[in-house]
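Quick notes on the structure that follows.
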Amino acid sequence: MPGDTSLININSEGKKQNTFDAIVIGSGISGGWAAKEFCEKGLKTLLLERGRDVVHLKDYPTATKNPWEFAHRGRLTKKETEENPIAGRCYAFNDTAKHFFVKDSEHPYIQEKPFDWIRGYQVGGKSLLWARQTQRWATYDFEGPARDGFAVDWPIRYDDIAPWYSYVEKFAGISGNLDGLDTLPDGEFLPPWEMNCVEKDMKQKIMAAYKDRNVIIGRCAHLTQPREIHLQQGRQQCQARNLCERGCPFGGYFSSNSSTIPWAQKTGNLTMRTNAVVHSIIYDQQKGRATGVRVIDTNTKKATEYFAKVIFVNAACLNSNLILLNSKSNRFPNGLGNDNDLMGKYIAFHNYRGSMFAEMDGYLDKYYYGRRPTQVMMPNFRNVHKQETDFLRGYTVHFGAGRMGINQHVEGSTIGGAFKDALCEPGGWYVSMMMQGETIPKESNHVRLSPDKTDAWGIPLLITSVDYDENDVKSMKDFLVQGEEMLHKAGCKNISIKDSKQAPGLDIHEVGGVRMGLDPKTSLLNKWNQLHACTNVFVTDGACMTSTSTQNPSITFMALTARAANHAVSELKKGNL
Ligand SMILES: Cc1cc2nc3c(=O)[nH]c(=O)nc-3n(C[C@H](O)[C@H](O)[C@H](O)COP(=O)(O)OP(=O)(O)OC[C@H]3O[C@@H](n4cnc5c(N)ncnc54)[C@H](O)[C@@H]3O)c2cc1C
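Take the position in the sequence shown, starting the count at 1, then add 2; the result is the number in the working numbering.
The following block contains the structure:
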């Protein structure tokens with residue numbers, strides 16, 4: 003039976019072969035960082051990945067294809083769309099990148115409430131697919147729960163993590179402008195991308211009209227000007243192709259595949275096992291610590307155990323919850339470290355429901371070069387210093403302006419000279435805007451294990467029970483009013499506003515379930531991301547997050563991971579783990 007460890011007969015020689023200094027579960031954004039840190043510091047490290055290997059350069063089959071080389075010009079067939087109602091809602095799930103997404107039928111889960119769980123099961127995880135927006139959190143974000151009385155207090159503040167933001171930014175390569183804002187701290191930036199002429203004018207008009215609002219170019223994990231450390235990784239300048247989710251042959255954006263994993267491999271200290279799904283973590287009650295993990299080969303279904311002094315759980319938020327909830331023992335019948343029964347609870351995400359579209363007259367003699375891989379943004383301006391509205395927290399605004407496509411502005415005739423001439427010209431300017439709202443972690447927003455349904459490897463299916471609340475609706479309504487007003491003031495016309503009513507999950511920023519905190523009674527992890535009740539197990543992906551702020555999360559996962567891994571190394575040296 004898959005996962006039945008009573009069937010595992012491991013002799014002492016086999017045990018030695020399967021023993022490492024550190025085990026990292028998951029090779030995505032956060033796991034890649036853990037592996038890099040451990041290997042660099044000399045730890046023999048096992049990186050376990052449930053999916054197949056994806057080798058940088060070699061395994062990007064569509065990266066250099068032209069549109070006409072795809073049977074449907076990059077679009078999915080009707081059959082594929084119908085077969086993937088969940089993955090198909092993600093903008094990046096198309097014929098050019100579908101091989102990096104989990105298809106709906108492959109890995110089922112149970113939606114008690116609608117939740118679009120978007121996943122990438124391969125070496126590199128979702129680091130191949132992400133949109134690479136990398137804004138730091140501000141002081142106000144870490145203070146949020148304590149100030150506004152929700153969730154629990156973060157056990158760290160901005161100053162604890164600031165040096166680690168710098169550390170990961172320098173290696174990953176983050177482009178951005180030094181804007182000097184307290185709501186969005188600056189980092190170690192490569193040169194920023196440029197706003198186009200419409201965006202520059204909009205910035206000037208919006209900032210003149212609102213003293214509390216800033217318009218800046220989004221910070222993103224692209225090499226606008228590679229430094230020595232990036233060249234050493236074998237990466238090159240971003241070519242602004244904006245075909246990133248296919249995998250980048252230039253290494254122009256940060257992915258585990260192009261950066262942290264090859265770096266770890268170069269040390270000679272990394273062992274990577276692919277097609278190896280972690281079933282659970284093994285806890286030794288006598289030793290009072292975790293000793294290893296149970297793994298099932300996804301092809302043969304053979305179970306194996308691996309052992310290490312320290313275990314990092316980086317399977318991405320919901321899968322990390324699943325693994326820990328499934329790690330049951332006499333000491334922890336409800337999941338490893340789950341003494342307070344809070345594991346799987348207080349899941350949060352980002353509210354993406356509100357968006358708008360508008361047109362801008364003029365600027366018809368102006369264009370822009372390349373396909374910029376980032377947008378313009380406005381850091382949160384709601385409830386920053388004190389509570390000002392009838393909803394808690396706030397939202398980041400992302401927006402951008404561009405010329406409409408050549409076939410989007412030709413109305414009426416579909417034949418004739420005038421039609422052909424029009425096809426050679428870009429259309430007028432459009433502006434699109436969307437919110438990224440903070441949601442409040444609540445006990446009722448949770449995931450748990452199915453008591454009776456399992457997957458192909460005998461692992462319980464995950465049940466998702468996560469939804470919006472009144473606060474999210476109020477926040478969205480505020481954005482729709484404020485956004486429309488700002489577009490008006492910036493000179494836009496024909497503004498249409500939209501509540502997409504999309505389910506949680508499609509933001510792909512899910513966090514929580516194994517939250518950090520000061521008190522073991524109300525949290526699962528301490529300030530170094532160690533399980534309070536089993537300190538050689540660390541959780542440093544989205545599962546560890548106490549709240550969600552209004553910023554894209556992954557740069558914070560990287561910084562927390564690097565910080566925790568270096569703490570683990572120093573504790574190992576002291577003999578504390
Ligand atoms: C289209 C898209 C756009 C996005 N845009 C942004 C953005 O602009 N900015 C941002 O900050 N974030 C963005 N994200 C989110 C970002 O990708 C994730 O936050 C990030 O990848 C999470 O890192 P992770 O290490 O936790 O998980 P992942 O990168 O998903 O890696 C987890 C790995 O664990 C493996 N795994 C899972 N379960 C097991 C198991 N039981 N055993 C072994 N291995 C396992 C998976 O196969 C996977 O490889 C985006 C995501 C997508 C898909």
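A virtual CB, placed ideally from N, CA and C, is assigned to each residue, including glycine. The model shown is predicted, which means the values in this text are computed figures rather than measured ones.
Of the residues the options, the one placed nearest residue i, counting alpha carbons only
i           : options            : result
residue 471 : 553, 351, 95, 228  : 351
residue 517 : 486, 326, 579, 195 : 326
residue 561 : 457, 33, 16, 177   : 33
residue 474 : 92, 343, 355       : 355
residue 51  : 514, 398, 298, 180 : 298
residue 37  : 197, 145, 262      : 262
residue 385 : 132, 185, 222, 232 : 185
residue 554 : 288, 398, 444      : 398
Residue environment, residue i, which counts as buried when at least 16 other CB atoms sit within 10 Å
i           : result
residue 75  : exposed
residue 347 : buried
residue 332 : exposed
residue 494 : buried
residue 570 : buried
residue 63  : exposed
residue 406 : exposed
residue 431 : buried
residue 502 : exposed
residue 30  : buried
residue 11  : For residue 11, the predicted model reports a pLDDT of 47, less than 50, meaning its position is unreliable and no value from the coordinates is stated.
residue 316 : buried
residue 545 : buried
residue 4   : With a pLDDT of 35 at residue 4, under the threshold of 50, the modelled position of that residue is not reliable, and the figure given next carries that caveat. So residue 4 counts as buried.
residue 9   : In this predicted model, residue 9 has a pLDDT of only 39, less than 50, meaning its place in the structure is not dependable enough to derive any value.
residue 79  : exposed
residue 6   : Reliability fails at residue 6, whose pLDDT of 38 lies under 50, so the model's placement of it is uncertain and no value is given.
residue 165 : exposed
Heavy atom of ligand 1 within 7 Å of residue i beta-carbon
i           : result
residue 511 : yes
residue 94  : yes
residue 133 : yes
residue 441 : no
residue 123 : yes
residue 260 : no
residue 462 : no
residue 422 : no
residue 250 : no
residue 457 : no
residue 319 : yes
residue 177 : no
residue 543 : yes
residue 555 : yes
residue 120 : yes
residue 280 : yes
residue 316 : yes
residue 138 : no
residue 330 : no
residue 304 : no
Bridge-paired residues (DSSP) for residue i
i           : result
residue 177 : 192, 222
residue 495 : 361
residue 124 : 54
residue 532 : 540
residue 307 : 296
residue 291 : 286
residue 462 : 456
residue 280 : 297
Residue i: first and last residue of the uninterrupted alpha helix (DSSP H) it sits in
i           : result
residue 351 : It is not in any alpha helix (DSSP H) - residue 351 carries neither H nor E in the DSSP assignment.
residue 321 : 319–327
residue 156 : Element bounds for residue 156: n/a, residue is neither H nor E.
residue 142 : 141–150
residue 200 : 199–211
residue 232 : 230–234
residue 109 : Unbroken run through residue 109: none, as it is neither H nor E.
residue 557 : 556–575
Residue i, enclosing beta strand (DSSP E) - first and last residue
i           : result
residue 538 : 536–541
residue 456 : 448–456
residue 401 : 397–405
residue 263 : Unbroken run through residue 263 is the alpha helix (DSSP H), 262–268; no beta strand (DSSP E).
residue 511 : Counting along the chain, residue 511 falls outside any beta strand (DSSP E), and DSSP gives it neither H nor E.
residue 273 : 272–275
residue 431 : 431–440
residue 22  : 21–27
residue 378 : 378–380
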